[in-house]
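Protein chains in written order, with this note's numbering: chain B, 2 to 135; chain U, 2 to 135; chain H, 2 to 135; chain D, 2 to 135.
There are 4 protein chains.
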Amino acid sequence: MFTTTVMPRFYETDAFGHVNNTVVTGWFETAREPIFRIFAPSMEVGELSLILARIEIDFVAQIHYGHEVTLTTAIEKIGNSSFTVLHEAWQQGRKAASGRAVQVYFDFETESSGPLPEHDRARLEEHLVAESKE
Amino acid sequence: MFTTTVMPRFYETDAFGHVNNTVVTGWFETAREPIFRIFAPSMEVGELSLILARIEIDFVAQIHYGHEVTLTTAIEKIGNSSFTVLHEAWQQGRKAASGRAVQVYFDFETESSGPLPEHDRARLEEHLVAESKE
Amino acid sequence: MFTTTVMPRFYETDAFGHVNNTVVTGWFETAREPIFRIFAPSMEVGELSLILARIEIDFVAQIHYGHEVTLTTAIEKIGNSSFTVLHEAWQQGRKAASGRAVQVYFDFETESSGPLPEHDRARLEEHLVAESKE
Amino acid sequence: MFTTTVMPRFYETDAFGHVNNTVVTGWFETAREPIFRIFAPSMEVGELSLILARIEIDFVAQIHYGHEVTLTTAIEKIGNSSFTVLHEAWQQGRKAASGRAVQVYFDFETESSGPLPEHDRARLEEHLVAESKE
């Protein structure tokens, strides 16, 4: 499991006085960067053979300005050409959001998806957690 | 069904050269504004008794800079205190993304959810579509 | 002069209850798109030989959610290899912000700036306004 | 002088392959948070008696994805009811951007600006740098 910490930025709040929900989508993308590094160690964009197929987020509690948020990232499921990432966002000891992202291995040159390379799959397996039942 | 048109903004693109996926979360929030107006006709933030409980988005095709995107918004399901909104994003005659948002009726004064008021429920029903089977 | 209309999006507000100031930078970028089209008519990113050298914005009045904002774009000054764009943002008959952007003509292949091509300069001149004295 | 470190987020890049310029406006807002804490130690939004009157940013070099950016924040000038903040953004030993923000002391109850309270002014003076000549 990977852990990333973000501090809410003022422009990420909205008129309700809390962090806007749409911001969490971006935070979870940021929390997937350790996964991106598995596929593109140099972080060169051209090497990153992944596309995002699906996201889902459950918003559990309001996220407040002024307090750090811890984002966790694990692998829930590995398929032939895709895998599911599991995220949680915690603030002040409370879960504020949880979500999933389905990433597909994609060859930008042939413009088609393909099987996950073995060494990338092995690296993902190190971060596999038991599938959530909810 | 409501229809909203957005033109991708340059800062909404990312280094892959297309509109970044996280942007669609924000566009769908914007596409829900006609729904917000049902609950808060004046668009005063203090009157908007809705919280977002869940989102899900399937990314079907890349969204390109330089071409309008049409966002559709309909009601898929109405529960006791919540309802599910169905969204699609279309560009150049092709579906680029579809998604759902679950909104909960919430009283910010008592800090608890409650049944949808009858007249709001009636307005939502006008935009109800047959539930998708996928 | 070019005119662009934007409707504030809910996620663009902040905890003060108005549109966050940083959003205006993005709106003015969007308001410069007619200028970008002069240099890259097809709006292909690879053809857009402009870089942004400087921005300045004066925030005159709060921008409210729920009301359209009109953005104006004109050319204030044309130099040898750069030009200055003048922007204003108006809401409900009141000027809310004004700003400038200095764009430099840049050849991404040679990675250096160069003189503005004559036909682009001529197109810019059509939108030239008297230089503001403030 | 205050120092803040940010890691560019993937959604902050644009189709040119670098961090979009509009993002820097948000980073500099974030870099001003230590200043906000002088005025509102608890970081409660309702206590923050400051409005942003003006920003300016010079973009000196492209900001790349994958490398940390250090933001510096100092006070350049203190007036009667306003002060000027000086920012720089550095990446890999190179200055990428510099900017200013003019903040005005503002009483949200009376909706008018007023003189900076003495103890806030004293705190700002601790971070005063010699005014830049450029």
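Glycine included, each C-beta is placed from N, C-alpha and C at the ideal position.
From the options, residue whose alpha carbon lies closest to that of residue i
{"i": "H:His-128", "options": "H:Val-25, H:Gly-27, H:Pro-35", "result": "H:Pro-35"}
{"i": "U:His-65", "options": "U:Gln-93, U:His-88, U:Lys-78", "result": "U:Gln-93"}
{"i": "U:Glu-45", "options": "B:Phe-17, B:Val-70, B:Gln-63, B:Ser-43", "result": "B:Phe-17"}
{"i": "B:Leu-51", "options": "U:Arg-101, U:Gln-63, U:Ala-102, U:Ile-76", "result": "U:Gln-63"}
{"i": "U:Gly-80", "options": "U:Glu-112, U:Ala-123, U:Ser-99", "result": "U:Ala-123"}
{"i": "B:Ile-56", "options": "B:Ser-43, B:Ile-76, B:Phe-29", "result": "B:Phe-29"}
{"i": "U:Ile-76", "options": "U:Glu-126, U:Phe-11, U:Val-25", "result": "U:Glu-126"}
Cβ shell of residue i (< 8 Å), same chain only, five flanking positions each side left out
{"i": "B:Asn-21", "result": "Glu-13, Thr-14, Asp-15"}
{"i": "B:Thr-82", "result": "What sits at residue 82 of chain B in the sequence shown is Ser, not Thr. If we look at B:Ser-82 and ignore the five residues flanking it on each side, its Cβ neighbours are Val-105, Tyr-106, Ser-114, Gly-115, Pro-116, Leu-117."}
{"i": "D:Thr-6", "result": "Glu-69, Val-70, Thr-71, Leu-72"}
{"i": "D:His-19", "result": "Gln-63, Ile-64, His-65, Tyr-66"}
{"i": "H:Glu-135", "result": "With a pLDDT of 48 at H:Glu-135, under the threshold of 50, the modelled position of that residue is not reliable, and the figure given next carries that caveat. Result list for H:Glu-135: empty, nothing under 8 Å."}
Coarse secondary structure for residue i, derived from DSSP in three states
{"i": "U:Leu-125", "result": "helix"}
{"i": "D:Phe-109", "result": "coil"}
{"i": "H:Arg-38", "result": "helix"}
{"i": "U:His-120", "result": "helix"}
{"i": "U:Gly-100", "result": "strand"}
{"i": "H:Glu-30", "result": "helix"}
{"i": "H:Phe-17", "result": "coil"}
{"i": "H:Glu-48", "result": "helix"}
{"i": "B:Val-24", "result": "helix"}
C-alpha distance - residue i paired with residue j, whole-angstrom precision
{"i": "D:Glu-48", "j": "D:Glu-119", "result": "17 Å"}
{"i": "B:Ala-97", "j": "U:Val-61", "result": "28 Å"}
{"i": "H:Glu-110", "j": "U:Arg-38", "result": "50 Å"}
{"i": "D:Pro-9", "j": "D:Gly-67", "result": "7 Å"}
{"i": "B:Phe-3", "j": "U:Met-2", "result": "41 Å"}
{"i": "U:Val-130", "j": "B:Ala-131", "result": "37 Å"}
{"i": "H:His-88", "j": "B:Lys-78", "result": "50 Å"}
{"i": "U:Arg-95", "j": "D:Leu-53", "result": "42 Å"}
{"i": "H:Asp-59", "j": "H:Gly-100", "result": "6 Å"}
{"i": "B:Asp-108", "j": "B:Phe-84", "result": "15 Å"}
{"i": "D:Asp-121", "j": "D:Pro-42", "result": "11 Å"}
{"i": "B:Thr-23", "j": "B:Phe-11", "result": "14 Å"}
{"i": "D:Thr-26", "j": "H:Phe-40", "result": "25 Å"}
{"i": "D:Thr-31", "j": "D:Glu-112", "result": "25 Å"}
Sequence-distant residues of the same chain with beta carbon closer than 7 Å to residue i, five excluded per side
{"i": "D:Arg-33", "result": "Thr-74, Val-86, Ala-102"}
Cutoff 6 Å; reference residue i; Cβ partners in own chain excluding five residues on either side
{"i": "B:Trp-91", "result": "Thr-71"}
Near the ligand ATP: residue i beta-carbon under 7 Å from a heavy atom
{"i": "H:Phe-3", "result": "The model on display carries no ligand, and the ligand ATP is accordingly not part of it."}
Minimum Cβ-Cβ distance from residue i to chain C less than 8 Å
{"i": "U:Thr-23", "result": "In the structure shown, chain C does not exist; the protein chains are B, U, H and D."}
**Study point:** Contact list for the segment 8-21 of chain U against chain D, Cβ threshold 7 Å
**Key:** Going along the segment 8-21 of chain U in chain order, one finds Phe-11, Tyr-12, Thr-14, Asp-15, Ala-16, Gly-18, Asn-21 with a Cβ nearer than 7 Å to chain D.
Check your understanding: Quick one, which residues of the segment 59-82 of chain B are near chain U if we go by CB-CB under 7 Å, in chain order?
Key -> Using a CB distance below 7 Å, the part of the segment 59-82 of chain B facing chain U consists of Asp-59, Phe-60, ordered along the chain.
Check your understanding: Listed in chain order, which residues of the segment 29-55 of chain B have Cβ atoms closer than 7 Å to some Cβ of chain U?
Key -> The residues in question are Glu-30, Val-46, Leu-53, Ala-54, Arg-55.
Point to revise | Selection of the segment 101-131 of chain H by Cβ proximity to chain D, strictly under 7 Å | key: So the list is empty, because no residue satisfies the distance condition.
Exercise for review: Check each residue of the segment 84-95 of chain D: if its Cβ is closer than 9 Å to any Cβ of chain H, include it; give the result in chain order.
Suggested key: For the segment 84-95 of chain D, which is checked against every Cβ of chain H, not one residue is closer than 9 Å.
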